[in-house]
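Here the structure is laid out as structure tokens; the discussion comes afterwards.
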Amino acid sequence: MNYKKTHLTPIIWFSVGLILIVVIDFSLRSYTGHTNNLGLPEALWFSLHGVVGIFAALVFWKNTTQKSILVRLIYFIPLLLAFIIMYTLIIYGYVFGTHIDGF
Numbered sequence: 001m002n003y004k005k006t007h008l009t010p011i012i013w014f015s016v017g018l019i020l021i022v023v024i025d026f027s028l029r030s031y032t033g034h035t036n037n038l039g040l041p042e043a044l045w046f047s048l049h050g051v052v053g054i055f056a057a058l059v060f061w062k063n064t065t066q067k068s069i070l071v072r073l074i075y076f077i078p079l080l081l082a083f084i085i086m087y088t089l090i091i092y093g094y095v096f097g098t099h100i101d102g103f
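Numbered by our numbering, the letters in the sequence shown go through residues 1 to 103 in order.
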């Protein structure tokens with residue numbers, strides 16, 4: 001099993017996607033001069049998170065085409081845990097680090 005292809009590539013895509021969302025949101029907030037409002041609309045903010053997650057999962061699924069569905073699901077569990085950790089570090093680090101949304 002090539003873990004670089006099956007696990008590291010989707011994690012990198014997921015992390016880069018979340019960082020791009022954060023950069024866009026912070027740029028919009030900085031442009032207006034008010035960091036506590038006027039970033040990405042919430043519907044778009046959370047929709048983009050879902051799109052990035054689905055894209056990363058599809059990259060994983062494509063990279064494991066030679067495996068059975070059961071094996072793919074078993075291999076997906078650690079990747080899902082890595083997604084949760086990366087999401088928490090990137091998004092909550094941004095929210096708490098910049099003191100946006102009342103934090």
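For glycine and all other residues, C-beta sits at the position ideal for the given N, C-alpha and C. Here the structure is a predicted model, which is why all the values come from computation and not from measurement.
Going by C-alpha distance, which of the options is nearest residue i?
{"i": "LEU73", "options": "THR88, GLY97, LEU8 and TRP61", "result": "TRP61"}
{"i": "PHE46", "options": "LEU81, ILE21 and HIS7", "result": "ILE21"}
{"i": "LEU110", "options": "THR35, LEU58 and TYR92", "result": "Past the edges of the chain, shown from 1 to 103, lies residue 110, and the structure says nothing about it."}
{"i": "LEU40", "options": "ILE91, THR64 and ILE24", "result": "ILE24"}
{"i": "TYR3", "options": "LEU44, ILE90 and PRO78", "result": "PRO78"}
Spatial neighbours of residue i within its chain, please: CB distance less than 8 Å, with the 5 preceding and 5 following residues excluded, ordered by chain position.
{"i": "MET86", "result": "ILE11, PHE14, SER15 and LEU18"}
{"i": "SER68", "result": "none"}
Which residues in the same chain have their Cβ closer than 6 Å to the Cβ of residue i, if we skip the five residues on either side of it in sequence?
{"i": "ALA56", "result": "PRO10, TRP13 and PHE14"}
For the putative contact between residue i and residue j, defined by C-beta atoms under 8 Å, what is the C-beta separation to the nearest angstrom?
{"i": "THR98", "j": "THR32", "result": "Not a contact, Cβ separation roughly 14 Å."}
{"i": "TYR159", "j": "THR6", "result": "An answer regarding residue 159 cannot be provided, because it is not within the stretch 1 to 103 covered by the chain."}
Answer yes or no: do residue i and residue j have a C-beta to C-beta separation smaller than 9 Å?
{"i": "PHE83", "j": "GLY53", "result": "yes"}
{"i": "LEU38", "j": "LEU28", "result": "yes"}
{"i": "VAL71", "j": "THR65", "result": "no"}
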